[in-house]
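Trainee: Below: one structure in C-alpha cells.
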Amino acid sequence: MVGAPFSVVLFETTLLLINYHLWISGIMDKKKL
Numbered sequence: 051m052v053g054a055p056f057s058v059v060l061f062e063t064t065l066l067l068i069n070y071h072l073w074i075s076g077i078m079d080k081k082k083l
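As numbered in the working numbering, the sequence shown has no gaps in its residue numbers, which increase by one up to the final residue, 83.
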C-alpha cells in the first residue's frame with residue numbers, strides 16, 4: 051500500500067470521523083426531544 055498517498059488516507063479518515071460525529075449528534079438530538 052505504498053502507492054496510496056497519505057492525503058487520501060487522511061481524507062477518508064476525516065470523512066469517517068465527520069459521519070460518526072453527525073450520527074452521534076443525531077442520537078443526542080433525538081434523546082433531547
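Ideal placement from N, C-alpha and C gives every residue a C-beta, glycine not left out. For clarity, every value in this text was computed on a predicted model and none was experimentally measured.
1) Can you find the residues in the same chain that come closer than 6 Å, C-beta to C-beta, to Phe56, ignoring five residues on each side of it along the sequence?
2) Nearest-angstrom Cα distance between Tyr70 and Gly76?
3) Leaving out five residues before and five after Leu65 in sequence, what residues of the same chain have Cβ atoms less than 7 Å from its Cβ?
Mentor: This is what the structure holds:
1) none
2) 10 Å
3) none
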